[in-house]
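According to the numbering used here, the sequence shown holds residues 2 to 87 in order.
Note that beta-carbon positions come from the ideal geometry of N, C-alpha and C, so glycine has one too.
Single-structure report; data block below.
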Amino acid sequence: MDTYSKVVNSARKAFNSEITKPLDFRVKQLKAFYQLLEENGDELVRALRKDLRKPKTEALLAEVEVTKNQIKGVLYEIHKWVKPEQ
Numbered sequence: 002m003d004t005y006s007k008v009v010n011s012a013r014k015a016f017n018s019e020i021t022k023p024l025d026f027r028v029k030q031l032k033a034f035y036q037l038l039e040e041n042g043d044e045l046v047r048a049l050r051k052d053l054r055k056p057k058t059e060a061l062l063a064e065v066e067v068t069k070n071q072i073k074g075v076l077y078e079i080h081k082w083v084k085p086e087q
């Protein structure tokens with residue numbers, strides 16, 4: 002099995018186990034993704050420059066900062082969007 006198939010199978014297994022259903026899990030994942038962008042934004046910008054020749058400012062604003070702002074928005078609203086468990 003190639004690496005891609007292993008990753009896909011792992012993701013499907015996690016999803017099917019319903020580990021992703023609880024709100025706490027989702028919030029934790031979003032916060033971890035935000036932290037990843039905070040800590041590795043410069044590396045992402047360098048990769049976008051190298052691979053796509055995207056200017057530093059454009060990469061930082063259009064990719065890193067926009068994504069971070071989207072995460073903040075989701076974290077602010079997510080409690081309103083989820084259906085309460087019964």
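Quiz item: So, A63 versus V46, is the Cβ gap smaller than 8 Å?
Solution: The residue given as residue 63 occupies position 62 in the sequence shown. The residue given as residue 46 occupies position 45 in the sequence shown. Cβ atoms of A63 and V46: not closer than 8 Å.
Self-check item: Validate contact between the stretch 46-58 and the stretch 69-78 using beta carbons, cut 8 Å, 3 pairs
Solution: no
Exercise. Output the distance between the C-alpha atoms of K84 and I20, rounded to the nearest integer angstrom.
Key: As a position in the sequence shown, residue 84 is number 83, starting the count at 1. As a position in the sequence shown, residue 20 is number 19, starting the count at 1. Looking at the two C-alpha atoms, the distance is approximately 16 Å.
Exercise. Determine, using beta carbons only, whether L38 and T68 come nearer to each other than 8 Å.
Key: In the sequence shown, counting from the first residue as 1, residue 38 sits at position 37. In the sequence shown, counting from the first residue as 1, residue 68 sits at position 67. Closer than 8 Å, so yes.
Quiz item: Cβ of R13 within 8 Å of Cβ of I79?
Solution: Indexing the sequence shown from 1 puts residue 13 at position 12. Indexing the sequence shown from 1 puts residue 79 at position 78. No, the Cβ-Cβ distance between R13 and I79 is not below 8 Å.
Practice problem: Tell whether a beta-carbon distance below 8 Å holds between G42 and V9. | Solution: Numbered from its first residue, the sequence shown carries residue 42 at position 41. Numbered from its first residue, the sequence shown carries residue 9 at position 8. No, these two residues do not count as a Cβ contact at 8 Å.
Self-check item: Neighbour-count burial assignment, L49, 16 or more Cβ in a 10 Å radius
Solution: The residue given as residue 49 occupies position 48 in the sequence shown. Counting Cβ neighbours within 10 Å, L49 comes out buried, since at least 16 surround it.
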